[in-house]
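Shown next, in structure tokens, is the structure this report addresses.
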Amino acid sequence: MTTATEITDATVREVTEWLFTEAELLDAGKYREWLDLVAEDLSYVVPLRVTREREADTDIVEGMTLMDDDWDSMEMRVLRLETEYAWAEDPPSRSRHFVTNVRVAAGETADEVAVKSNLLLYRTRGDVATFDILSGERHDVLRRVAGGYRLAKRVVVLDQTTIMTHNLALIM
Amino acid sequence: MLRNELRQILEKGLHDVEADWTVPAAIINDPEMHDAERERVFGRSWVFLAHESEIPERGDYVVRYISEDQFIVCRDEDGEVRGHLNSCRHRGMQVCRAEMGNASHFRCPYHGWTYNNKGSLVGVPAGREAYGNKLDKSLWQLKPVPKLDTYKGLIFGCLDPDAQSLDDYLGDMKFYLDIVLDRSDAGLQVVGAPQRWVVDANWKLGADNFIGDAYHTMMTHRSMVELGLAPPDPKFALYGEHVHTEHGHGLGIIGPPPGIPLPEFLGMPENIVEQLQRRLSPEQVEVFRPVAFIHGTVFPNLSIGNFLMSKDHVSPPTSFLTLRLWHPLGPDKMEIMSFFLVEKEAPDWYKEESYQAYVRTFGISGAFEQDDAENWRSITRVLGAQYAKKMELNYQMGRGVYEPDPDWPGPGKAFPMDYAEANQRNFMEYWMQLMVTDPAPHNKNGKVSDAAAAEALTRAEA
Ligand code: FES
Ligand SMILES: [Fe+2]
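If you read the protein sequences in the order shown, they are chains G and E. First residue of the first sequence? That's 4 in our numbering, and the numbers climb one at a time after it. First residue of the second sequence? That's 126 in our numbering, and the numbers climb one at a time after it.
The following block contains the structure:
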């Protein structure tokens with residue numbers, strides 16, 4: 004039988020540090036290093052939302068998503084960026100992940116923690132003096148391994164139904 | 126009224142697209158061109174609104190657009206598909222503010238006028254006190270889409286009450302649409318809801334890309350070629366057909382290069398293959414058998430992608446079907462609505478694989494899709510400038526290289542390879558014909574009749 008992790012101040016600090024380090028890697032375009040922080044049973048989902056009346060149970064759509072990746076498809080994204088022809092990100096966007104409101108809770112197993120955080124992702128491309136912003140809430144499952152944590156699961160619930168950027172080429 | 130300068134650009138364009146196989150860059154990103162296009166193209170064409178499977182039950186609705194006008198597309202209490210302008214007859218308020226749902230009635234949040242899903246005004250608060258018995262409710266129903274019709278599950282609307290029928294409008298394109306839409310007994314279903322996103326690009330670039338541009342694959346999608354997700358043979362589109370029909374529609378149909386063992390019929394599951402061989406005509410089966418990629422556009426802004434692709438670099442390919450709507454938001458902005466559809470009767474494993482292949486390649490985050498939007502955005506920005514606008518764009522591919530294919534079993538004008546720009550020229554020519562053809566009363570039945578088109582062409586050539 005497994006028992007859930009007890010969440011100590013140290014755990015919160017470690018997890019927060021992990022999220023900030025991850026953000027730094029992503030903003031620096033170090034995707035290969037980012038992949039080292041990801042578990043091999045990764046599930047990475049960005050749900051599709053629609054505008055529904057308040058009385059609707061949920062505005063999250065069943066059966067369709069904006070992104071639905073596992074380890075193999077994430078590796079494909081990274082391999083793609085490593086070719087010389089990933090035009091959508093070459094030249095790369097300048098991005099900034101703002102990660103706040105970190106909330107750490109016990110995970111389902113002893114070696115996992117459930118982490119919620121808010122994300123503001125700023126993106127700008129080329130010499131155009133405009134920018135795109137994505138805002139959302141991340142629901143992560145981090146797994147403790149020797150020497151740190153691995154991202155096992157991430158759900159990014161974005162705050163827009165019609166997405167105001169021309170593609171989701173960045174990892175959120 | 127079309128300003129003289131615009132008319133000159135378009136009439137010269139009509140001449141050049143025939144004579145020189147070029148297209149004026151000014152049609153891409155120009156505010157006046159866009160204003161004229163709203164009325165002359167989107168005001169007269171049949172525009173895709175929704176798929177019937179999105180509103181399967183009585184009361185189901187989605188809100189969709191033709192140009193700026195928004196319509197509630199719903200299935201009424203009798204099961205009939207309807208389209209109502211989403212605007213209250215009292216002051217014009219939106220009567221429906223959700224994107225989708227189920228409702229027997231729409232109540233206006235401003236003063237409370239209430240309409241049923243047939244569009245009839247059925248409730249007016251304090252009606253007797255405020256209006257006496259003078260308000261004839263039957264005169265104040267929600268405005269219907271002037272013309273609404275469906276073809277094999279696709280619901281289209283048209284703002285021109287005098288337009289030709291949807292059936293005539295689709296014409297020969299139906300032969301090819303059926304291969305995609307009508308190949309299974311229970312038909313297609315839209316899974317979930319469309320992804321929606323905004324791209325700073327002119328909508329015609331999406332339509333132009335899907336109608337015929339197999340040529341961009343080897344460069345735009347080269348990253349995916351290197352990962353083995355797109356054909357490594359740079360000449361892969363030679364093993365295809367390039368077909369267009371009247372009213373600007375067109376498509377490309379590509380099979381596997383010789384020696385590449387790809388499954389027949391896009392590798393669709395056995396039960397669907399059995400059904401399609403029964404449902405489609407022998408000619409349609411012959412056209413469909415070797416297919417690995419179908420890309421096409423129904424004029425003006427509905428495109429189809431039916432591709433055999435892998436969900437990642439280590440998995441075998443699965444086919445998927447996407448419809449996409451290039452909804453114009455301005456000369457330099459469009460909303461893409463991307464639908465994923467699958468045969469209702471396909472086995473679950475296929476539905477799952479097909480969904481994953483779609484989301485990861487051609488959805489908003491898809492490894493192919495990303496690079497397309499990047500190009501269209503860049504083109505739009507560049508062609509918005511005054512010097513760039515004066516360019517002609519080269520639509521000369523295939524000139525002196527190919528002749529129409531006499532052996533092609535399908536209708537339309539077909540060429541025996543998909544490295545061609547005949548579809549794109551046909552699209553642009555029809556678009557320019559609509560643009561120079563003045564609306565009624567000059568052209569009373571509202572369609573570009575062959576006579577009017579010919580007249581425009583003669584004017585341009587003179
Ligand atoms: S605007 Fe709808 S009731 Fe007044
Ligand atoms: Fe493409």
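For each residue, glycine too, the CB sits at the ideal point set by N, CA and C.
Taking 4 residues as the shortest admissible run, the segment 477-558 of chain E contains the following complete alpha helix (DSSP H) segments, listed from N- to C-terminal end: 494-507.
Relative to the non-hydrogen atoms of ligand 1, the Cβ of E:Tyr235 comes within a distance shorter than 7 angstroms of at least one. For E:Ser348, the uninterrupted alpha helix (DSSP H) segment begins and ends at 347-351. At the C-beta level, G:Leu40 and G:Met77 stay beyond 8 angstroms of one another. For the pair E:Leu279 and E:His176, the CB atoms are nearer than the 8 angstroms cut-off. When rounded, the separation of the alpha-carbon atoms in E:Val561 and E:Gly430 is 30 angstroms. At a cut-off of 8 angstroms between beta carbons, E:Ile489 contacts chain G. For G:Met175, the distance from the CB to the nearest heavy atom of ligand 1 is not below 7 angstroms.
For E:Gln320, the nearest beta carbon of chain G is closer than 8 angstroms to its own beta carbon. With contacts defined by Cβ atoms closer than 8 angstroms, E:Phe552 and E:Thr422 form a contacting pair. E:Cys213 sits away from E:Ile197, with the two beta carbons spaced by 8 angstroms or more. E:Ala251 places its beta carbon 8 angstroms or farther from that of E:Lys514. Close to chain E, meaning a Cβ-Cβ distance shorter than 7 angstroms, is no residue of the segment 135-150 of chain G at all.
Near chain E, meaning a CB-to-CB distance below 9 angstroms, no residue of the segment 18-48 of chain G qualifies. Listed in chain order, the positions of the segment 60-71 of chain G with a beta carbon within less than 8 angstroms of a beta carbon of chain E are Val64, Glu65, Gly66, Met67, Thr68, Leu69, Met70, Asp71. Excluding five sequence positions before and after E:Pro453, the CB atoms of its chain that fall closer than 6 angstroms to its own CB belong to Trp328, Met459, given in chain order.
One alpha carbon belongs to E:Lys243, the other to E:Glu202, and they sit about 8 angstroms apart. Residue environment: G:Phe101 is assigned as exposed (fewer than 16 neighbouring CB atoms within 10 Å of its CB, all protein chains considered).
The Cβ of G:His100 sits no closer than 8 angstroms to any Cβ of chain E. Scanning the segment 338-410 of chain E from its first residue to its last, the whole beta strand (DSSP E) runs of 3-plus residues come out as 365-369, 375-379. Contact annotation: in the segment 333-367 of chain E, residues whose CB is within less than 9 angstroms of a CB in chain G are Met344, Thr345, His346, Arg347, Ser348, Met349, Val350, Glu351, Leu352, Leu354. For E:Arg414, there is no enclosing alpha helix (DSSP H), as DSSP marks it with neither H nor E. E:Gly430 is outside the set of residues whose beta carbon lies under 8 angstroms from a beta carbon in chain G. Around E:Pro381, the same chain offers Leu387, Ala417 as residues with beta carbons nearer than 6 angstroms, after the five sequence neighbours per side are excluded. Note that the C-beta distance between E:Arg165 and E:Val324 is not below 8 angstroms.
By the CB criterion at 8 angstroms, G:Asp72 and G:Tyr34 fall outside the cutoff. With respect to chain E, the C-beta atom of G:Tyr125 has no partner C-beta closer than 8 angstroms. In the structure shown, the three-state DSSP call for G:Pro50 is strand. Between the segment 219-234 of chain E and the segment 278-293 of chain E there are fewer than three C-beta pairs closer than 8 angstroms, too few to call the two in contact.
In summary, E:Arg253 is exposed, with fewer than 16 beta-carbon neighbours lying within 10 Å of its beta-carbon over all protein chains present. Of the residues assessed, E:Val315 falls on the buried side of the cut-off, its CB having 16 or more other CB atoms within 10 angstroms. Contact annotation: in the segment 451-473 of chain E, residues whose CB is within less than 8 angstroms of a CB in chain G are Glu460, Phe465.
In the three-state DSSP reduction, E:Lys268 falls in the coil class, being neither helix nor strand.
Out of E:Leu354, E:Phe361, E:Arg321, the CA that lies nearest to the CA of E:Tyr340 is found in E:Phe361.
Cβ neighbours of E:Phe432 within its own chain (closer than 6 angstroms, five residues either side excluded): Phe418. Inter-residue distance for E:Leu306 and E:Thr370 is about 18 angstroms (C-alpha atoms, whole angstroms).
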